[in-house]
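Quick mapping for you: the protein sequence lines, in order, are chains H and L.
If you use our numbering, the first sequence corresponds to residues 9 to 373, in order.
If you use our numbering, the second sequence corresponds to residues 15 to 297, in order.
For each residue, glycine too, the CB sits at the ideal point set by N, CA and C.
Since we're looking at a predicted model, the values are computed, not measured.
Report on one structure; see the data block that follows.
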Amino acid sequence: MATVSIRGVHKRYDDFHAVKGVSLEIKDKEFVVLVGPSGCGKTTTLRMVAGLETITEGTILIGDTVVNELPPMDRDIAMVFQNYALYPHMSVYDNMAFGLKMRKFDKAEIKRRVTEAADILGIKDHLHRKPRQLSGGQRQRVALGRAIVRNPQVFLFDEPLSNLDAKLRVQMRVELKKLHQRLGTTAVYVTHDQVEAMTLGDRVVVMKDGLIQQVGEPLELYNHPANKYVGGFIGSPAMNFADVTIAQNGSGLIASNSAMNIGVPEHLAAPLGPHVGRPATFGIRPEDLRLADGSEPAHHTFEAVVEVAEQLGSEILLDVSCGPSSMVASVDPTVRVKPGEKIRLAFNPHRAHFFDGKTEMAVRG
Amino acid sequence: MIEGAIWRRWVFFYIPLALFLIFLLFPFYWMLITTFRPDGELYRPWRAANYTPFWTWNPTLDHIKYLFRETMFATWLWNTMFIATASTIISLICGVLAGYALARLNFPFAGSLGTGIFITYLVPQTLLFIPLSEIIRNYKLGDTPWSLILTYPTFLIPFCTWLMMGYFKAVPKELEECARIDGASRWQAMLYIIIPVAIPGILSAGIFAFTLSWNEFIYALVFLSSPEQKTVPVGVVSELIRGDVFFWGPLMAGALLGSIPVAIAYSFFVEHYVSGLTGSVKG
Chain H
9 MATVSIRGVH KRYDDFHAVK GVSLEIKDKE FVVLVGPSGC GKTTTLRMVA
59 GLETITEGTI LIGDTVVNEL PPMDRDIAMV FQNYALYPHM SVYDNMAFGL
109 KMRKFDKAEI KRRVTEAADI LGIKDHLHRK PRQLSGGQRQ RVALGRAIVR
159 NPQVFLFDEP LSNLDAKLRV QMRVELKKLH QRLGTTAVYV THDQVEAMTL
209 GDRVVVMKDG LIQQVGEPLE LYNHPANKYV GGFIGSPAMN FADVTIAQNG
259 SGLIASNSAM NIGVPEHLAA PLGPHVGRPA TFGIRPEDLR LADGSEPAHH
309 TFEAVVEVAE QLGSEILLDV SCGPSSMVAS VDPTVRVKPG EKIRLAFNPH
359 RAHFFDGKTE MAVRG
Chain L
15 MIEGAIWRRW VFFYIPLALF LIFLLFPFYW MLITTFRPDG ELYRPWRAAN
65 YTPFWTWNPT LDHIKYLFRE TMFATWLWNT MFIATASTII SLICGVLAGY
115 ALARLNFPFA GSLGTGIFIT YLVPQTLLFI PLSEIIRNYK LGDTPWSLIL
165 TYPTFLIPFC TWLMMGYFKA VPKELEECAR IDGASRWQAM LYIIIPVAIP
215 GILSAGIFAF TLSWNEFIYA LVFLSSPEQK TVPVGVVSEL IRGDVFFWGP
265 LMAGALLGSI PVAIAYSFFV EHYVSGLTGS VKG
């Protein structure tokens with residue numbers, strides 16, 4: 009069990025700056041997920057922690073030890089790869105025992121640990137098989153087993169569920185979470201799937217272009233995105249954005265563009281004060297929109313044209329256009345609207361977001 | 015399979031296949047039939063009434079007996095076996111290590127070095143034997159098996175290196191990375207993980223290298239002179255073609271017996287060609 013400290017880490021390849029100064033403190037027993045689009049530097053960061061990539065600049069500590077110069081074998085970590093990387097010529101048992109054999113554990117102890125791990129993962133009956141005789145899910149379990157038998161200080165996961173089909177992925181996601189709760193080992197998990205990130209992580213790190221965009225607990229990221237990118241990345245369907253200009257209107261502020269003219273919620277009026285006369289982005293999540301019924305103040309509504317109505321059973325997703333921007337609203341399943349129909353949508357003012365037009369940083373109350 | 019009417023299957027599949035097979039296998043059949051045909055039939059004029067070129071009713075082992083009694087064929091076989099095995103082992107060791115390094119280790123000029131090695135393979139032996147014979151003479155290796163064991167690797171190592179490089183590149187990098195995280199050093203990862211996974215590739219390289227050195231002619235002809243040092247290809251040609259007289263029976267018997275070890279080597283390892291890689295990674 010250990011902490012992991014990543015301090016000002018850079019990775020430069022010949023002509024590519026992959027990681028541009030990442031700092032992150034991971035607590036003991038914490039499950040941290042690095043999430044971001046491909047090429048954002050999340051896998052490179054993980055591989056630097058593993059010792060598979062050299063660190064161009066900065067320091068990484070596991071526990072109290074600086075590991076910059078330590079080879080992977082001396083870092084006391086275990087890694088699960090996207091393609092499982094099972095040794096094809098070895099049986100499941102030997103695959104799981106390999107790390108222990110390399111570390112000169114005695115035979116009885118190896119057997120005890122492998123059997124125990126196989127028991128936890130439900131692959132006890134397959135120990136004598138070769139990897140190619142197993143299904144994708146079973147291979148994934150063997151890869152996990154190989155990591156847990158070593159009882160390392162830190163688990164590193166590099167998109168371990170990406171090769172599984174959707175149903176199995178959900179199932180394995182739950183099992184991974186259970187496994188972590190049971191073992192309590194510090195874990196760093198890389199994925200490009202924000203749902204995986206939200207469900208697995210104690211904390212989630214959103215990365216883009218080699219930089220950390222925001223670190224926080226899943227709901228914190230969801231409710232208080234630090235910038236427009238995080239707002240759009242976390243959540244499905246994604247947050248709606250509309251480019252607006254902030255203007256003074258009597259004692260309050262309004263945000264307007266060619267199609268909407270909405271009042272800025274009171275708690276955001278003060279921080280948005282300096283933005284008067286400047287462009288900004290209004291952000292609202294689909295579930296914070298509903299059909300206006302007249303009970304709400306008019307300045308918290310705007311007009312939109314229905315393009316497509318997606319019936320999901322529990323809700324209806326309305327794809328609407330609102331002047332230059334298209335939006336998605338999640339509305340009550342009893343609502344009946346037709347494509348082309350003009351509707352009025354009301355937004356929840358407490359859950360409205362505004363982002364600076366230039367820096368894209370969130371304006372917070 | 016060709017679909018449609020039966021005649022289409024015959025015209026586009028069976029008949030072309032049969033012609034192709036006959037074309038490929040006829041030389042081997044000729045070799046076989048000549049080996050067992052008595053001299054009387056072999057040298058019978060083609061206009062003779064009882065001329066039967068494709069069959070014999072009087073098979074004989076005379077040519078094979080001649081080969082073993084009157085020539086040093088057994089010694090040649092042994093020489094060839096020894097030289098081919100030794101040079102194959104040397105080339106495999108060097109080729110596997112060099113192929114691994116070129117495929118996996120990042121060092122300056124790795125790419126151009128790989129290309130350079132391949133280019134040396136393209137230099138024809140018919141040119142290379144001239145400077146090589148000078149070297150062989152200076153080191154006083156002429157007329158010994160070592161003259162071949164040490165020169166065959168000049169074309170076998172580039173061949174094995176290139177083949178193994180391609181094979182190692184196809185082995186997922188993660189296997190090795192995982193082994194190194196599991197506690198293996200680079201050497202141990204190569205020894206316990208990469209090489210066992212690459213066994214089909216190593217066997218293919220070995221078989222090809224063995225065949226190339228078994229069949230090699232130019233160097234053996236130039237570097238060896240005394241009959242007891244010769245290899246099968248050179249021995250058969252130089253001892254059984256005297257002037258313009260061809261001893262067809264023993265010649266073909268030598269060719270037949272000389273190709274048997276290679277055929278055995280192929281059939282023995284053929285099942286290992288089927289790559290054991292499937293299922294190692296990805297689902």
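Where residue i falls, given that 16 or more other Cβ within 10 Å makes a residue buried
| i | result |
| --- | --- |
| H:HIS136 | exposed |
| L:LEU31 | exposed |
| H:ILE63 | buried |
| L:THR134 | exposed |
| L:THR292 | Reliability of the predicted coordinates at L:THR292 is poor, the pLDDT of 39 falling under 50, and the value obtained from them is presented with this limitation in mind. With fewer than 16 Cβ atoms within 10 Å of its Cβ, L:THR292 is classed as exposed. |
| L:PRO67 | exposed |
| H:HIS283 | buried |
| L:VAL288 | Low confidence applies here, because L:VAL288 scores a pLDDT of 49, under 50, leaving its location unreliable; read the following figure in that light. The residue in question, L:VAL288, is exposed, as its Cβ has fewer than 16 Cβ neighbours within 10 Å. |
| L:ASP196 | buried |
| H:ASN231 | exposed |
| L:TYR280 | exposed |
| H:VAL328 | buried |
| L:TRP90 | buried |
| L:PHE40 | exposed |
| H:ARG181 | buried |
| L:ILE278 | exposed |
| H:ARG149 | buried |
| L:LEU38 | exposed |
| H:LYS236 | buried |
| H:VAL27 | buried |
| H:LEU108 | buried |
| L:ASN152 | exposed |
Opposing strand residues paired with residue i [DSSP bridges]
| i | result |
| --- | --- |
| H:ILE34 | H:VAL12 |
| H:GLN222 | H:VAL214 |
| H:SER329 | H:VAL313, H:SER334 |
| H:ILE70 | H:VAL12, H:THR73 |
| H:ASP251 | H:THR289 |
| H:ALA263 | H:ILE254, H:ILE270 |
| H:ALA155 | For H:ALA155, which the question treats as bridged, DSSP gives no partner whatsoever. |
| H:TYR197 | H:VAL41, H:PHE165 |
| H:ALA370 | H:PHE363 |
| H:GLU318 | H:LEU325 |
Boundaries (first-last residue) of the beta strand (DSSP E) holding residue i
| i | result |
| --- | --- |
| L:ASN72 | Premise fails: L:ASN72 is in no beta strand (DSSP E) and is neither H nor E. |
| L:VAL110 | Here L:VAL110 belongs to no beta strand (DSSP E); instead the alpha helix (DSSP H) covers 87-118. |
| H:LEU172 | Careful: H:LEU172 lies outside any beta strand (DSSP E) and carries neither H nor E. |
| L:VAL25 | Note, L:VAL25: premise wrong, no beta strand (DSSP E); not H, not E. |
| H:ALA86 | 85-88 |
Host alpha helix (DSSP H) of residue i (start-end)
| i | result |
| --- | --- |
| L:CYS174 | 167-184 |
| H:ILE270 | Where H:ILE270 is concerned, there is no enclosing alpha helix (DSSP H), although the beta strand (DSSP E) it sits in stretches over 269-271. |
| H:ASP127 | 115-129 |
| H:LYS350 | H:LYS350 -> not in any alpha helix (DSSP H); beta strand (DSSP E) instead, spanning 350-355. |
| L:VAL251 | 246-254 |
| L:PHE132 | 124-136 |
| H:LEU60 | Run containing H:LEU60: none; DSSP gives neither H nor E here. |
| H:ARG298 | From DSSP, H:ARG298 is part of no alpha helix (DSSP H) but of the beta strand (DSSP E) over 297-299. |
| H:GLY281 | Note, H:GLY281: premise wrong, no alpha helix (DSSP H); not H, not E. |
| H:ASN103 | 100-110 |
Do the stretch 156-166 of chain H and the stretch 81-99 of chain H touch if we need at least three Cβ pairs shorter than 8 Å? yes
Taking beta-carbon pairs under 8 Å, can you tell me which members of the stretch 104-117 of chain L lie near chain H? For the stretch 104-117 of chain L, which is checked against every Cβ of chain H, not one residue is closer than 8 Å.
Where the stretch 237-263 of chain L meets chain H: residues whose CB sits under 7 Å from a CB there: none
Could you say if the stretch 145-162 of chain H and the stretch 186-206 of chain H meet the contact criterion of at least three C-beta pairs nearer than 8 Å? yes
Identify each residue in the stretch 177-200 of chain L for which the Cβ-Cβ distance to at least one residue of chain H is less than 8 Å, and report them in chain order. PRO186, GLU188, LEU189, GLU191, CYS192, ALA193, ARG194, ILE195, ASP196, GLY197, ALA198, SER199
Got a sec: which bits of the stretch 87-107 of chain H sit with their beta carbon under 7 Å from any beta carbon on chain L, in order along the chain? MET87, PHE89, ASN91, TYR92, ALA93, LEU94, TYR95, PRO96, HIS97, PHE106, GLY107
With three or more beta-carbon pairs closer than 8 Å as the criterion, would you say the stretch 265-275 of chain H touches the stretch 248-256 of chain H? yes
I'd like to know if the stretch 214-221 of chain L and the stretch 160-180 of chain L are in contact, where contact means that at least 3 CB-CB pairs between them fall below 8 Å. yes
Quick one, which residues of the stretch 237-253 of chain H are near chain L if we go by CB-CB under 9 Å, in chain order? Listed in sequence order: no entries.
Positions along the stretch 202-216 of chain L whose CB lies within less than 9 Å of some CB in chain H: GLN202, TYR206, ILE207, PRO210, VAL211, ILE213
Is the stretch 260-280 of chain L touching the stretch 69-85 of chain L in the sense that three or more CB pairs, one from each, lie closer than 8 Å? With a cut-off of 8 Å, the stretch 260-280 of chain L and the stretch 69-85 of chain L count as touching, because enough Cβ pairs lie within range.
Identify each residue in the stretch 121-139 of chain H for which the Cβ-Cβ distance to at least one residue of chain L is less than 9 Å, and report them in chain order. LYS138, PRO139
Any C-beta of chain L within less than 7 Å: which residues of the stretch 43-73 of chain H qualify? ALA58, LEU60
Indicate whether the contact test is met: 3 or more Cβ pairs, each with one atom in the stretch 113-127 of chain H and one in the stretch 169-184 of chain H, closer than 8 Å. no
Could you tell me whether the stretch 359-369 of chain H touches the stretch 339-349 of chain H, using the rule of 3 or more Cβ pairs below 8 Å? no
Three CB pairs or more closer than 8 Å across the stretch 224-238 of chain L and the stretch 88-108 of chain L: yes
So does the stretch 284-303 of chain H actually touch the stretch 227-244 of chain H, counting three or more Cβ pairs closer than 8 Å? yes
Do the stretch 202-216 of chain H and the stretch 254-264 of chain H touch if we need at least three Cβ pairs shorter than 8 Å? no
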